[in-house]
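Following the working numbering, the numbering of the sequence shown begins with 2 at its first residue and continues without gaps.
Glycine is no exception: its CB is placed at the ideal position from the N, C-alpha and C atoms.
In what follows, a single structure is set out as structure tokens and then discussed.
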Amino acid sequence: GEGVRELGGLHILGTGRHESRRIDNQLRGRSGRQGDPGSSRFFLSLEDDLLRIFGSGKLSTIMDKLGMEEDEPIEHSMISKAIENAQRKVEGHNFDIRKHLLEYDDVMNKQREVIYGQRREVLESDDVHEIIEDMIADLIESVVSPVVQDRIPSEDWDWEQFDEQVAAVFNVKLEWDKEARQDLNFEALRDKLRAEVENAYNQQIVRNHPEQMRHLERMILLQMVDTHWKEHLLHMDHLKEGIGLRGYGQKNPLDEYKKEGFEMFIAMIETVKEQTVSTLMRVQIVQEDEVARLEEEQRRQRERELEMAKISGGGTEDTGPKTVRRQEEKVGRNAPCPCGSGKKYKKCCGKLS
């Protein structure tokens, strides 16, 4: 306003110093905007958190030796230097915290780059069939690897577990006889299973129409990636919350977080592959006329059930509990018996009942 410049400009009074020197400098800057005159002055106590926690204890010792009162003002360069040193310690401490958090965030950033890169590839690609084929090839190897044992003849392998795994992942029922399971190694079994799975998937494409199947491949793959990625983020947050306790076991929490986070990420990728392929091997597109026919059958079935319920229930007659009422008056135990014997009811007919 008018006359402020002549009076010396704006004067800033601070009742404490911030942990960051940058904040204090911003406050000082309010008093001299764009070359205007101004001044600033800060008042604080040696008992403020900044000096009490991070400052040097020499100041209080010197004051005690000089016999200075608690409410006596102090103005010395040593005070300003002590405040700057305390602020420098706080800033260094906060920087270490941010640096430590950034190291944890870098783990997620690398995983995020991989997932977003794969997702972008799916979105920008006109045909993701090659990606699905690669997933099928990876899953075939992961299914074959556990059953193959080099030192045991192939006919003695765990074929029951193998057949169950193939049916669960690829929805393929293997009808191999005993001869077909003999003299096999890893490569032979892998190629044999690949032929079965590719044949089943080609039948799926023909059954659901190639163009619609290509659309389903993209849609299901994106859905699986999004669903399992969100679950993975939640699991990583839970891991991060408790990973600091590994330090009590003489282990570096950051190294443990990187290791377990990587293992969880690989497991998530494998789950996406398995769920995507398993869904595509089972999906069946229903045409609109087929949907209408099924809805009509359901409607007729409900009508038949209602008719049967009416017939078996005898209409809408009330079948709830009924109250039984006594027709004759109740006779007391000491009253004369109504049979005319002259005895009490409890000694006559009441005794019989």
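From residue i to residue j, what distance separates their C-alpha atoms?
{"i": "V91", "j": "H239", "result": "29 Å"}
{"i": "L140", "j": "W177", "result": "20 Å"}
{"i": "G262", "j": "R301", "result": "54 Å"}
{"i": "M309", "j": "C350", "result": "51 Å"}
{"i": "Q204", "j": "E114", "result": "36 Å"}
{"i": "D157", "j": "S146", "result": "15 Å"}
{"i": "G15", "j": "H236", "result": "46 Å"}
{"i": "L8", "j": "P38", "result": "9 Å"}
{"i": "D151", "j": "E264", "result": "27 Å"}
{"i": "L28", "j": "I13", "result": "8 Å"}
{"i": "E165", "j": "G243", "result": "37 Å"}
{"i": "G17", "j": "P74", "result": "14 Å"}
{"i": "K179", "j": "W160", "result": "10 Å"}
{"i": "H210", "j": "D128", "result": "15 Å"}
{"i": "Q357", "j": "Y117", "result": "The structure shown does not extend to residue 357, since the chain spans only 2 to 354, so no value can be given for it."}
{"i": "R219", "j": "A169", "result": "22 Å"}
{"i": "R294", "j": "V287", "result": "11 Å"}
{"i": "A189", "j": "S279", "result": "23 Å"}
{"i": "K347", "j": "N335", "result": "6 Å"}
{"i": "S126", "j": "R31", "result": "55 Å"}
{"i": "Q276", "j": "R22", "result": "54 Å"}
{"i": "V284", "j": "E271", "result": "20 Å"}
{"i": "V167", "j": "V144", "result": "7 Å"}
{"i": "K100", "j": "H94", "result": "10 Å"}
{"i": "Q213", "j": "E131", "result": "16 Å"}
{"i": "L222", "j": "F171", "result": "16 Å"}
{"i": "R303", "j": "E297", "result": "10 Å"}
Kindly indicate which three-state DSSP category residue i falls into: helix, strand or coil?
{"i": "R6", "result": "coil"}
{"i": "S40", "result": "strand"}
{"i": "I13", "result": "strand"}
{"i": "K1", "result": "Because residue 1 is not part of the residues shown, which for the chain are 2 to 354, the question remains open."}
{"i": "K179", "result": "coil"}
{"i": "P154", "result": "coil"}
{"i": "P254", "result": "helix"}
{"i": "K345", "result": "strand"}
{"i": "P337", "result": "strand"}
{"i": "H19", "result": "coil"}
{"i": "I206", "result": "helix"}
{"i": "L47", "result": "coil"}
{"i": "R31", "result": "coil"}
{"i": "G351", "result": "helix"}
{"i": "K331", "result": "coil"}
{"i": "G68", "result": "coil"}
{"i": "Q285", "result": "coil"}
{"i": "N26", "result": "helix"}
{"i": "N186", "result": "coil"}
{"i": "I75", "result": "coil"}
{"i": "D159", "result": "coil"}
Quick one: measure Cβ to Cβ for residue i and residue j, integer angstroms, because I've assumed they're closer than 8 Å.
{"i": "M136", "j": "K274", "result": "4 Å"}
{"i": "L217", "j": "L281", "result": "7 Å"}
{"i": "V173", "j": "E197", "result": "6 Å"}
{"i": "K331", "j": "C338", "result": "Actually they do not touch by this definition, with Cβ atoms about 13 Å apart."}
{"i": "S155", "j": "L185", "result": "4 Å"}
{"i": "Y105", "j": "Y258", "result": "6 Å"}
{"i": "H233", "j": "F266", "result": "7 Å"}
{"i": "E20", "j": "L51", "result": "6 Å"}
{"i": "R191", "j": "E142", "result": "6 Å"}
Considering residue i, what are the terminal residues of the alpha helix (DSSP H) in which it resides?
{"i": "H229", "result": "211–243"}
{"i": "E114", "result": "78–125"}
{"i": "P147", "result": "130–148"}
Consider the C-beta atom of residue i and the heavy atoms of the ligand NAD; say whether any pair is separated by less than 7 Å.
{"i": "L234", "result": "Ligands displayed in this structure: none; no statement on the ligand NAD is therefore possible."}
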